[in-house]
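Everything in the sequence shown is counted per my numbering, starting at 867 for the first residue and increasing by one.
Heads up, the beta-carbon is just placed ideally off N, CA and C, and yes, glycines get one too.
Quantities reported herein were computed from a predicted structural model and do not represent experimental measurements.
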Amino acid sequence: MKKHFAFTLLLVIIIPLFQGCEKKGNPPVLPPAGSMIMDFSNFRDAAKSDYSLPGIKGAEDVNYSLAKTVVGIWNTLLFVNLAIPVAAFQKAIENKPSYLDNKKWQWKYNVNVLSATYTARLTGQITSANVKWEMYISREGAGGFPEFLWFEGTTALDGKSGRWTLNESREAQVPFLQIDWQMTGTEVGSVKYTYIKNGSSFKDSYIEYGLKTGSYNAFYNVYFYESTAYMRFVTVDIEWNTSGHNGRIKAADYFGDTAWHCWDSNGNDITCPAR
867 MKKHFAFTLL
877 LVIIIPLFQG
887 CEKKGNPPVL
897 PPAGSMIMDF
907 SNFRDAAKSD
917 YSLPGIKGAE
927 DVNYSLAKTV
937 VGIWNTLLFV
947 NLAIPVAAFQ
957 KAIENKPSYL
967 DNKKWQWKYN
977 VNVLSATYTA
987 RLTGQITSAN
997 VKWEMYISRE
1007 GAGGFPEFLW
1017 FEGTTALDGK
1027 SGRWTLNESR
1037 EAQVPFLQID
1047 WQMTGTEVGS
1057 VKYTYIKNGS
1067 SFKDSYIEYG
1077 LKTGSYNAFY
1087 NVYFYESTAY
1097 MRFVTVDIEW
1107 NTSGHNGRIK
1117 AADYFGDTAW
1127 HCWDSNGNDI
1137 TCPAR
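Encoded structure:
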């Protein structure tokens, strides 16, 4: 009887110890910063005036200016809503995660954005199918707010592709943007923003950015609701050279044809070179 009691007592002591020694493994690898950021740098030339949609044709820099304006619609639309979550995500790489449980890890830290300090809490959980991510943001003091889920997403187990879903803001905690991304080699080769906010005429609009081979080694495929003149969805294709900055645009609704319209490295209209 005493032996049975001693054995039972030993099990009571040992089992919790084994349960508390859950094998942690390694934390999930953070997705690259480029998985959330689209490169708009080639279309921020302040010296070139924006094109008025649909505008008057005939200016010397119509082609580049139209491309810049189409891209600028997205840049302006997303800047305010993406500034804080993107900065918070980029800061995660500077911090070490702590283990929670069930293959879930947490990165928690402060980040300064636009002269304000926010607390970011990013969790990454490894599952059999993918890695699930959740980013919670809060702010103390004047203009502060309690923690809320600003964005979430998944990455493939090999880390080569993924998707983010962002809520619009603290005041409007509704999904408004979906980001799909994919690696090409060691860098992010394509990023696609899709506007998903219900009730908006802009819903289902998208801009896709990617890299490719050839003299025009970068591109945007754009599909968006044009609300200034046409009141319908339009398609615009843009290609350019990331080092020479020359490029071309195809926009049947604006030009009235399906041809490419080109610009040189200074952003001036040129006849498209024969290919």
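Item                                                                                                                     : Value
Residue of Arg1114, Ala1038, Phe1042 and Trp1106 minimising C-alpha distance to Trp1030                                  : Phe1042
Secondary structure of Ile922, DSSP reduced to three states                                                              : A caution first: Ile922 carries a pLDDT of 42, below 50, which makes its placement in the model unreliable, though a value can still be read off. Coil.
Own chain partners of Tyr1086 with C-beta closer than 7 angstroms, once the 5 adjacent residues on each side are dropped : Val937, Ile1073, Glu1074, Tyr1075 and Ile1104
Limits of the unbroken alpha helix (DSSP H) element including Ile1062                                                    : Run containing Ile1062: none; DSSP gives neither H nor E here.
Spatially closest choice to Asn968 from Glu926, Gly990 and Asp1024, by CA coordinates                                    : Gly990
Reference Gly1133; option with closest CA among Trp971, Glu1000, Leu1023 and Val928                                      : Val928
Own chain, CB closer than 8 angstroms to Lys1026, minus 5 neighbours either side, in chain order                         : Gln1048 and Met1049
Sequence-distant residues of its chain with Cβ nearer than 8 angstroms to Asn1144 (five each side left out)              : Lying outside 867 to 1141, the shown extent of the chain, residue 1144 is not represented and no answer is given.
Collapsed DSSP secondary structure at Ser1004 in the structure displayed                                                 : strand
Reduced DSSP secondary structure (H/G/I, E/B, other) of Thr935                                                           : helix
Contact set for Leu988: own chain, Cβ-Cβ below 6 angstroms, skip 5 residues either direction                             : Ala958, Trp973 and Met1001
Beta-carbon spacing of Thr983, Gly1007 below 9 angstroms                                                                 : yes
Residue from Tyr1096, Gly1080, Ala1117 and Glu1092 whose Cα sits closest to the Cα of Asn1107                            : Gly1080
Reduced DSSP category for Ala958 - H, G, I as helix; E, B as strand; rest coil                                           : helix
Cβ pair Asp1135, Tyr930 closer than 9 angstroms                                                                          : yes
Opening and closing residue of the beta strand (DSSP E) in which Tyr1072 lies                                            : Tyr1072 to Leu1077
Nearest to Val977 (by Cα), restricted to the options Arg1005, Met1097, Lys889 and Asn1083                                : Arg1005
Near the ligand ADP: Asp1046 beta-carbon under 8 angstroms from a heavy atom                                             : Although the ligand ADP was asked about, the structure shown includes no ligands whatsoever.
Where Glu1037 falls, given that 16 or more other Cβ within 10 Å makes a residue buried                                   : exposed
Exposure label - Glu960; buried when at least 16 CB within 10 Å                                                          : exposed
Three-state class that DSSP yields for Tyr917 in the structure shown                                                     : In this prediction, Tyr917 has a pLDDT of 48, which is less than 50 and means its spatial position is unreliable; what the coordinates show is noted afterwards. Coil at Tyr917, not helix or strand.
Counted within 10 angstroms of its Cβ, other Cβ atoms place Ser1071 as buried (16 or more) or exposed                    : buried
9 angstroms Cβ cutoff met for Trp1129 and Arg1114                                                                        : yes
Beta strand (DSSP E) runs contained entirely in the region 970–998, provided each spans 3 or more residues               : 970–979 and 982–992
Proximity to Tyr1089 [Cα-Cα], best of Pro897, Pro898, Trp940 and Ser901                                                  : Trp940
Rounded C-alpha distance that separates Trp1126 from Gly1110                                                             : 18 angstroms
Contact belief for Gly900 with Glu1013 at Cβ below 8 angstroms, rounded distance in angstroms                            : Actually they do not touch by this definition, with Cβ atoms about 27 angstroms apart.
For Ser1056, the three-state DSSP class (helix, strand or coil)                                                          : strand
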